[in-house]
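Asker:
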Amino acid sequence: KNIISICPKQRQTLLFSATYPEEIKQLSKQFMKGPAEVTDQLIYEGFSATALNGDMEQVDRDLAVLRFANQSCSILVATDVAARGLDIKELSAVINFDLAFDHDVHIHRIGRTGRAGNKGIALSLITPADAQRVCSIEDNHPHPIHWGNINELENHHTTRLVPEMVTLCLASGKKDKIRPGDILGALTKDAGLEGNTIGKINITAMYSYVAIHHSQADKAYQYLQSGKLKGRKVSVRKIN
Numbered sequence: 001k002n003i004i005s006i007c008p009k010q011r012q013t014l015l016f017s018a019t020y021p022e023e024i025k026q027l028s029k030q031f032m033k034g035p036a037e038v039t040d041q042l043i044y045e046g047f048s049a050t051a052l053n054g055d056m057e058q059v060d061r062d063l064a065v066l067r068f069a070n071q072s073c074s075i076l077v078a079t080d081v082a083a084r085g086l087d088i089k090e091l092s093a094v095i096n097f098d099l100a101f102d103h104d105v106h107i108h109r110i111g112r113t114g115r116a117g118n119k120g121i122a123l124s125l126i127t128p129a130d131a132q133r134v135c136s137i138e139d140n141h142p143h144p145i146h147w148g149n150i151n152e153l154e155n156h157h158t159t160r161l162v163p164e165m166v167t168l169c170l171a172s173g174k175k176d177k178i179r180p181g182d183i184l185g186a187l188t189k190d191a192g193l194e195g196n197t198i199g200k201i202n203i204t205a206m207y208s209y210v211a212i213h214h215s216q217a218d219k220a221y222q223y224l225q226s227g228k229l230k231g232r233k234v235s236v237r238k239i240n
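Counting from 1, one number per residue, gives the positions in the sequence shown under UniProt numbering.
(1) In the DSSP assignment, what are the bridge partners of CYS169?
(2) Using the Cα positions of ILE139 and LYS89, report the straight-line distance between them to the nearest angstrom.
(3) CB ILE212 to CB GLY195, shorter than 8 Å?
(4) Between the C-alpha atoms of ASP182 and SER226, what's the straight-line distance to the nearest angstrom?
(5) With distance defined between alpha-carbon atoms, name the residue in GLY46, ARG67, TYR44, GLU45 nearest to LEU52.
(6) Quick check: the Cα distance between ILE126 and GLY34, rounded to an integer number of angstroms?
(7) Could you check where the beta strand (DSSP E) with THR39 kicks off and where it finishes?
(8) Can you grab the Cα-Cα spacing for the pair ALA164 / LEU193, in whole Å?
(9) Going by DSSP, what residue range makes up the alpha helix (DSSP H) through LYS219?
(10) Select from GLY114, GLY111, ARG112, GLY148 the residue whose C-alpha is nearest the C-alpha of PRO128.
(11) Once you ignore the five residues that flank ARG112 on each side, which residues in its own chain have a CB closer than 6 Å to its CB?
(12) Going by DSSP in three states, VAL81 sits in which element: helix, strand or coil?
(13) So what does DSSP say about SER136, is it helix, strand or coil?
(14) Mind checking which residues open and close the beta strand (DSSP E) that includes ALA69?
(15) Quick check on the DSSP output: the alpha helix (DSSP H) that includes LEU184 runs from which residue to which?
(16) Using CA coordinates, which residue listed in MET56, SER172, ILE107, LEU99 is at the minimum distance from TYR207?
(17) Can you list, in chain order, the residues of its chain with a C-beta nearer than 6 Å to that of ILE43? Leave out the 5 residues immediately preceding and following it.
(18) Under the assumption that SER74 contacts PHE47 (Cβ atoms under 8 Å), give the Cβ distance between them as a whole number of angstroms.
(19) By alpha-carbon positions, which one of PHE101, GLU45, ASN70, ARG61 ends up nearest to ALA82?
(20) Report yes if the CB atom of HIS214 is closer than 8 Å to the CB atom of VAL166, and no otherwise.
(21) ILE107 by DSSP, collapsed to three states: which one?
(22) I need the straight-line Cα distance from ILE201 to GLN71, nearest angstrom please.
(23) With a 10 Å radius around its C-beta and 16 neighbouring C-beta atoms as the bar for buried, classify VAL210 as buried or exposed.
Structure below.
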């Protein structure tokens with residue numbers, strides 16, 4: 001704490017410890033920015049965001065990825081470890097909040113956007129303290145990198161990246177022999193939704209998740225609350 005007290009406010013803080021006792025954990029929470037803190041700030045600013053880190057329970061991690069993949073959450077804030085193996089189709093942008101120390105890690109991060117002929121953009125937030133790593137990345141990067149002042153950027157998103165979809169969670173899954181077709185049929189034939197307003201349907205052992213276009217989410221929610229799925233009443237809730 002004494003060392004940190006005389007450090008500049010604009011800095012990058014790295015913590016190395018052979019062990020991770022409670023006092024070190026509290027020190028980390030006090031001085032280091034993690035995905036949860038960045039996510040909380042984004043939500044406070046009015047964005048739709050969720051965090052993904054190694055401290056989360058597996059069920060919470062799966063739900064965070066599910067919501068991001070089905071477009072019911074606009075921003076996923078993740079650590080390198082938690083995002084390992086993550087493959088999101090048609091990802092429009094990757095933003096490096098902290099610049100990677102390793103060039104290969106940097107390439108792996110930004111390689112998640114612009115895949116399979118799709119367009120994508122990769123942005124990195126840097127400070128003067130990152131100058132050495134910036135030079136290393138530029139020297140090893142196959143394409144030219146364009147740098148600019150963040151204060152000169154214009155805000156074109158007055159809607160704060162409102163997600164296109166809303167996720168509904170049904171308390172019925174594979175154990176109840178629920179299939180995607182059952183949910184799709186109930187929403188199109190019985191509830192009267194157009195097929196193009198229904199997104200990804202994911203079914204686990206205990207629950208089913210369906211992404212609905214935000215313009216039809218209330219209609220789908222009200223039907224599922226009062227209607228039946230395969231002849232049975234099911235509990236339903238919106239995932240925010």
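C-beta: ideal position from N, C-alpha, C; glycine also.
Here the structure is a predicted model, which is why all the values come from computation and not from measurement.
Answerer: Based on what the coordinates show:
(1) For this step, residue 169 is matched to residue 169 along the sequence shown. For CYS169, which the question treats as bridged, DSSP gives the partners TYR209, ARG237.
(2) Working through the sequence shown from its first residue, we reach residue 139 at position 139. Working through the sequence shown from its first residue, we reach residue 89 at position 89. According to the sequence displayed, residue 139 carries Asp and not Ile. C-alpha separation (whole angstroms): 29 Å.
(3) Start at 1 with the first residue of the sequence shown, and residue 212 comes out as number 212. Start at 1 with the first residue of the sequence shown, and residue 195 comes out as number 195. For ILE212 and GLY195, no; Cβs fall outside 8 Å.
(4) Here residue 182 refers to the residue found at position 182 of the sequence shown. Here residue 226 refers to the residue found at position 226 of the sequence shown. In a straight line, the C-alpha of ASP182 is about 16 Å away from that of SER226.
(5) The residue you call residue 52 lines up with position 52 of the sequence shown. Nearest C-alpha to LEU52: ARG67.
(6) Counting from 1 along the sequence shown, the entry for residue 126 is found at position 126. Counting from 1 along the sequence shown, the entry for residue 34 is found at position 34. Distance between the alpha carbons of ILE126 and GLY34 is about 17 Å.
(7) Stepping through the sequence shown from its first residue, residue 39 is reached at position 39. THR39 -> not in any beta strand (DSSP E); alpha helix (DSSP H) instead, spanning 35-44.
(8) Counting from one through the sequence shown, the residue named residue 164 turns up at place 164. Counting from one through the sequence shown, the residue named residue 193 turns up at place 193. The residue you asked about is not Ala; residue 164 is Glu in the sequence shown. Their Cα atoms are separated by approximately 16 Å.
(9) What you label residue 219 is simply residue 219 of the sequence shown in a count that begins at 1. Segment 217-226, the alpha helix (DSSP H) holding LYS219.
(10) Translated into positions along the sequence shown, residue 128 becomes position 128. Of GLY114, GLY111, ARG112, GLY148, the residue nearest in Cα terms is GLY148.
(11) Here residue 112 is taken as the residue at index 112 of the sequence shown, counted from 1. Contacts found: LEU91, VAL94.
(12) To locate residue 81, count along the sequence shown from 1; it is residue 81. Coil at VAL81, not helix or strand.
(13) For the purposes of this step, residue 136 is identified with residue 136 of the sequence shown, where counting begins at 1. In the structure shown, SER136 sits in a helix (DSSP, three-state: H, G or I).
(14) Your numbering for residue 69 matches position 69 in the sequence shown. From DSSP, ALA69 is part of no beta strand (DSSP E) but of the alpha helix (DSSP H) over 58-69.
(15) As a working note, residue 184 is residue 184 in the sequence shown. Taken as a continuous stretch (DSSP letters only), the alpha helix (DSSP H) holding LEU184 covers 180-185.
(16) Translated into positions along the sequence shown, residue 207 becomes position 207. Nearest of MET56, SER172, ILE107, LEU99 to TYR207, Cα basis: SER172.
(17) Position 43 of the sequence shown holds residue 43. Cβ neighbours of ILE43 beyond the five flanking positions: ALA49.
(18) As a position in the sequence shown, residue 74 is number 74, starting the count at 1. As a position in the sequence shown, residue 47 is number 47, starting the count at 1. Going by Cβ atoms, the distance from SER74 to PHE47 rounds to 6 Å, so yes, they are a contact pair.
(19) As a working mapping, residue 82 is identified with position 82 in the sequence shown. Nearest C-alpha to ALA82: ARG61.
(20) If you number the sequence shown from 1, residue 214 lands on position 214. If you number the sequence shown from 1, residue 166 lands on position 166. The answer is yes: Cβ separation under 8 Å.
(21) Here residue 107 refers to the residue found at position 107 of the sequence shown. Residue state, collapsed to three classes: helix.
(22) Here residue 201 refers to the residue found at position 201 of the sequence shown. Here residue 71 refers to the residue found at position 71 of the sequence shown. Rounded to whole angstroms, ILE201 to GLN71 spans 12 Å at the Cα level.
(23) If you number the sequence shown from 1, residue 210 lands on position 210. The residue in question, VAL210, is buried, as its Cβ has 16 or more Cβ neighbours within 10 Å.
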